[in-house]
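Q:
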Amino acid sequence: MRTTPNPKSAPPTPAALPPIPAHFQAAVDAAVIKGVEAALAARPNNPQGPVVTNVRDLQLDLTKDSRQAHLNAALGLKMKLAYLKQAKHFGRGNDEAFQKLDAFLTRVKAAGQFAGIFESGGAFTRETVTSEIVELARPNSILLGAGIRTISGYGARLTMGTIDEGVKVYWVAEGEPGTPSTVKDGALVLTAHKLMALARISNDLLRLSAIDAAAIIGADMAAAIGLEIDITGFKGKGPKRPNGIRHQMDQAARTASAGTTATNKVADTDGVMGSVAKAQIPGGLKANKGFYYSSTDTFLALRQTRDSAGWLFPDLRSGENPTLNGFPYHYSETLADDEVLGFGLANQLILGEAMPLETAMGENGTDFSADMVTMRGITEVDFLLRYRKAFAEKTGVGY
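This note's numbering puts the sequence shown at residues 955 to 1353.
1. Between K1243, M1309 and R1260, which has its C-alpha nearest H1284's C-alpha?
2. With V1351 as the anchor, note down where its alpha helix (DSSP H) starts and where it stops.
3. Exposed or buried, which one is E1274 when buried takes at least 16 other CB atoms within 10 Å?
4. In the DSSP assignment, the beta strand (DSSP E) including G1331 goes from what residue to what residue?
5. Pick helix, strand or coil for R1342, following the three-state DSSP scheme.
6. To the nearest angstrom, report how far apart L1256 and L1266 are at their CA atoms.
7. Mark V986 as exposed unless 16 or more other C-beta atoms lie within 10 angstroms of its C-beta, in which case mark it buried.
8. Could you tell me which whole alpha helix (DSSP H) segments of length 4 or greater appear in the region 1215-1281?
9. Around the Cβ of E1182, are there at least 16 other Cβ atoms within 10 angstroms (buried) or fewer (exposed)?
10. Would you list the residues sitting across from T1209 in a DSSP beta bridge?
11. I'd like to confirm the pairing. Which residues does DSSP put opposite S1106 in its beta bridges?
12. Give the range of the alpha helix (DSSP H) segment to which A1100 is assigned.
13. How close, in whole Å, do the beta carbons of A1299 and A1344 come, if the pair is a contact with beta carbons under 8 Å?
14. Please return the same chain residues whose Cβ sits closer than 8 Å to the Cβ of A980, not counting the five positions on each side in sequence.
15. What are the start and end residues of the beta strand (DSSP E) that includes R1200?
16. Can you give me the Cβ contacts of L1038 inside the same chain, cut-off strictly under 8 Å, excluding the 5 residues immediately before and after it?
17. Pairing CB atoms from the region 1331-1351 with CB atoms from the region 1189-1199, are three or more of them under 8 Å?
18. Express the C-alpha separation of R1260 and I1102 in angstroms, rounding to a whole number.
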């Protein structure tokens, strides 16, 4: 008689492990992290060589100042974008030349280095939006090179304070309020004056799919804008143009040159600096970025002046960074016919950029027959001198 075996009984369930104390678990985690970090640090790192690419149209000549080259290229790329947009608007986007340009701009956008001009963020977005004119024109401008202050994106009007009045400091007794000074002069107000730059550019250069070609276009417009900033910044007069330094400074600080002898030249150079120093503007000359300025001819005349002991102004012999009395010396042909030698405090002059530079494309008279287009850049700027005695000039300079 067959008997049915009894089924095997299920194995007993093991007892649950007791929980690890929290302080012990934290110590274990810290030890594990430390061990992993040490292991990663001990790994040999092979030196990385330069990335070699055959995409030559995305390469930029960086033998010159790389930041300035990038900014010039960014402005040129904005013009190429405007050019392509116009072509697509008139139904020419499918032409072979424009398809190549479109593909090139797509690759530039994908690379990410000029993301700001495609409105998608990136390393240069803030500079491109808030201080584009300043950064682009700085190498071509006396005033921007001297380090004048800039304010951007304020719209149509910005009230900043009172002319010739800064921070007031008082000694007071406990619980006694300071006595506010009475307003003696007008308000400091930045407004907006439209600045337009027009550039006739060949269709071939705009269609050329290369970063360096874009940088050439941008550099040309930046140089022209820098020149106009200096002309207007020094001697502009409204209503269409902003008032420049000469129409905002204390006219008593513009005095006649002493003459053309070596002694007269020393008197002139010391005189303009001394006039600003006596104004006792908070911060003094160094902290406010004091600088000399003149035409190229006046600079060369001072640079070549000698007496029996040698060069009268030896620090002007430096071709790249000339100085006089310890302060930078800037010169430009924008002052060629002015016959002035000046000294000023860059920190007390403000360039306001009410809106970022906008670019657009159009056609002028003979553009079609010459195979050219006209690129237009528009922004709105103003100049504001906080202290009228922050600048002084010698007039009628005969050297």
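The beta-carbon is built from N, C-alpha and C at its ideal position, and this holds for glycine as well.
A: Taking the definition as stated:
1. Residue nearest to H1284 within the set K1243, M1309 and R1260 is K1243 (criterion: CA-CA distance).
2. Counted as a single uninterrupted DSSP element, the stretch harbouring V1351 is not any alpha helix (DSSP H), since DSSP gives it neither H nor E.
3. E1274 should be labelled exposed.
4. First-last of the beta strand (DSSP E) with G1331: M1326 to L1339.
5. Judged by DSSP in its simplified three-state form, R1342 adopts helix.
6. So the two alpha carbons sit approximately 8 Å from each other.
7. Exposed: under 16 other Cβ atoms inside 10 Å.
8. Along the region 1215-1281, the alpha helix (DSSP H) occurs as fully enclosed runs of 4 or more residues at 1216-1232, 1238-1241 and 1250-1257, listed in sequence order.
9. Counting C-beta atoms within 10 angstroms of its own C-beta, E1182 has 16 or more neighbours from the protein chains shown and is therefore classed as buried.
10. K1348, per the DSSP bridge assignment.
11. When beta bridges are read from the DSSP output, S1106 appears opposite E1307.
12. DSSP places A1100 inside the alpha helix (DSSP H), whose first and last residues are I1096 to A1100.
13. Correcting the residue identity first, residue 1299 is Leu in this sequence and not Ala. Confirmed, Cβ separation roughly 4 Å.
14. Nothing listed; no residue qualifies.
15. No residue range can be given for R1200, since it is assigned to no beta strand (DSSP E) and is classified by DSSP as neither H nor E.
16. Taken in chain order, the residues that qualify are G1047, F1052, L1055, D1056 and L1059.
17. Result yes; three or more Cβ-Cβ pairs closer than 8 Å.
18. Their backbone Cα atoms lie some 33 Å apart in a straight line.
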